[in-house]
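Each remark here refers to the structure printed beneath this line.
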Amino acid sequence: MDMMDQASSLRSMINRNRTIDELTQVEKKAEHYIKIYSVVSGKGGVGKTNFSINMAIKFQQMGKRVLLLDADLGMCNANIMLGMETKLSLIDLIQGRATLDQIITKGPSGIHLISGGADLLSLKAIEDIRQQEIVDAMSQIMDYDILIIDIGAGITKYSLTFIQLSHEVIIITTPEPTAITDAYRIVKAIAVYKLKEQVKVVVNQIHDLSQGEEAFQKLFKTSSQFLHMKLQSIGFIFYDTRVRKSIMEQIPVVLKYPNGLASQNIKQICENILEDKEYSYKVSNFKQLSNKLLRIFG
Ligand SMILES: Nc1ncnc2c1ncn2[C@@H]1O[C@H](COP(=O)(O)OP(=O)(O)OP(=O)(O)O)[C@@H](O)[C@H]1O
Ligand SMILES: [Mg+2]
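Reminder that position 198 of the sequence shown reads as 271 in this note's numbering, one-by-one numbering, no gaps.
Structure representation (structure tokens):
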């Protein structure tokens, strides 16, 4: 190899390296990780919304940038619990009246909220929502580390879609047999449609730890025996009268009574969740997910 050849191959090596470097930069930008948690329950009124808003605030306090989506279209009330006024909603986005930026409202501790839309019109709109549009809207959200979706109770095509879109599903139940039975139905739907291989469980409103353990074990055993679904307990929340008080005052309990029992439980759950580093997904996986959804629901 003569000098000229050496020089040109060196140059091409440098150029190639630079190109690889640049590519890495581009990749780094594209690889923004957003973790999506959906909070669901079978039975209504078990404490999903209270958990979602307080989890959002706790995560934000832990240095994460959090967006909370109140996706309970029929009866969304996260804004009320947060003491916030939201003018535009997810419905406005879906029906093309507003952009994603416009429907995001700043809330306590720096969390951001998207409200579902809370009138009768919205109920009809549930039928009109094209899954693809929600998927696309979600895919645009790049400014956050965590997206929490508070889904209404029950099993519908709409709620299963959000479950499918999330990286992690958190099922909230109380120790009541009726709540556990309904929670099992959600697990069953997730298993039958193969939406997730694993779900997380929080038992709320417990009066002692053994009550929480027992409720989880019931759900765990039936799910693994009949559905081959592995449930993961991520913590318990005690029944705490401060929760009710904080809702009355429209100040989230973790802010109003940070050292109260329920607040400490929620903090612990957030820590448990963040320590679970096994699951990490890229935003780009959304397209694959949405294709799977289309196959399931058409
Ligand atoms: N840990 C707790 N201790 C005491 N009360 C609680 C606790 N968690 C929730 N509650 C009570 O349960 C009520 C329902 O809570 P929340 O609205 O969060 O439930 P939900 O599952 O979101 O209901 P829905 O299905 O109607 O959306 C609250 O008004 C609150 O008083
Ligand atoms: Mg709710």
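Every residue, glycine too, gets a C-beta built ideally from N, C-alpha and C.
Any non-hydrogen atom of ligand 2 within 7 Å of residue i CB
| i | result |
| --- | --- |
| residue 329 | no |
| residue 229 | no |
| residue 150 | yes |
| residue 251 | no |
| residue 223 | yes |
| residue 281 | no |
| residue 145 | yes |
| residue 247 | no |
| residue 122 | yes |
Residue i CB to nearest heavy atom of ligand 1 below 7 Å
| i | result |
| --- | --- |
| residue 114 | yes |
| residue 332 | no |
| residue 346 | no |
| residue 216 | no |
| residue 309 | no |
| residue 226 | yes |
| residue 190 | no |
| residue 127 | no |
| residue 174 | no |
| residue 313 | yes |
| residue 278 | yes |
| residue 170 | no |
| residue 118 | yes |
| residue 265 | no |
| residue 164 | no |
| residue 36 | There is no way to answer for residue 36, as the model of the chain reaches only from 74 to 371. |
| residue 316 | yes |
Host alpha helix (DSSP H) of residue i (start-end)
| i | result |
| --- | --- |
| residue 241 | Looking at the DSSP string, residue 241 is not in any alpha helix (DSSP H); the run it does join, the beta strand (DSSP E), is 241-246. |
| residue 234 | 230-238 |
| residue 285 | 282-295 |
| residue 268 | Element bounds for residue 268: n/a, residue is neither H nor E. |
| residue 126 | 121-134 |
| residue 165 | 163-167 |
| residue 153 | 151-154 |
Nearest-angstrom Cβ-Cβ length linking residue i and residue j, presumed shorter than 8 Å
| i | j | result |
| --- | --- | --- |
| residue 310 | residue 288 | The pair is not a contact, with the Cβ atoms about 12 Å apart (cut-off 8 Å). |
| residue 189 | residue 149 | 4 Å |
| residue 129 | residue 141 | 4 Å |
| residue 312 | residue 280 | 6 Å |
| residue 187 | residue 132 | Between residue 132 and residue 187 the Cβ distance is about 16 Å, and since that is not below 8 Å, they are no contact. |
| residue 285 | residue 276 | 4 Å |
| residue 244 | residue 232 | Residue 244 to residue 232, Cβ: 12 Å. No contact. |
| residue 317 | residue 333 | No, residue 317 and residue 333 are not in contact; Cβ-Cβ is about 12 Å, not under 8 Å. |
| residue 221 | residue 110 | 5 Å |
| residue 304 | residue 274 | 5 Å |
| residue 217 | residue 112 | Not confirmed; about 16 Å, so no contact. |
Residue span of the beta strand (DSSP E) that contains residue i, given as start and end
| i | result |
| --- | --- |
| residue 251 | Residue 251 -> not in any beta strand (DSSP E); alpha helix (DSSP H) instead, spanning 250-265. |
| residue 219 | 219-223 |
| residue 143 | 139-143 |
| residue 178 | 177-179 |
| residue 110 | 108-113 |
Pick from the options that is closest to residue i, judged by C-alpha positions
| i | options | result |
| --- | --- | --- |
| residue 144 | 178, 136, 226 | 226 |
| residue 299 | 263, 278, 320 | 263 |
| residue 324 | 121, 156, 252, 175 | 156 |
| residue 259 | 347, 283, 292, 285 | 292 |
| residue 108 | 137, 319, 232, 316 | 137 |
| residue 177 | 161, 217, 234 | 161 |
| residue 250 | 106, 119, 112 | 119 |
| residue 326 | 243, 182, 295 | 182 |
| residue 153 | 180, 307, 139, 241 | 180 |
| residue 114 | 246, 164, 171, 231 | 246 |
| residue 122 | 339, 238, 345, 135 | 339 |
| residue 236 | 248, 253, 270 | 270 |
| residue 308 | 342, 151, 278, 242 | 342 |
| residue 125 | 305, 159, 242, 297 | 242 |
Length at least 4, wholly inside the stretch 286-347: the alpha helix (DSSP H) runs in chain order
Listed in chain order, the complete alpha helix (DSSP H) runs (minimum 4 residues) inside the stretch 286-347 are 314-322, 326-329.
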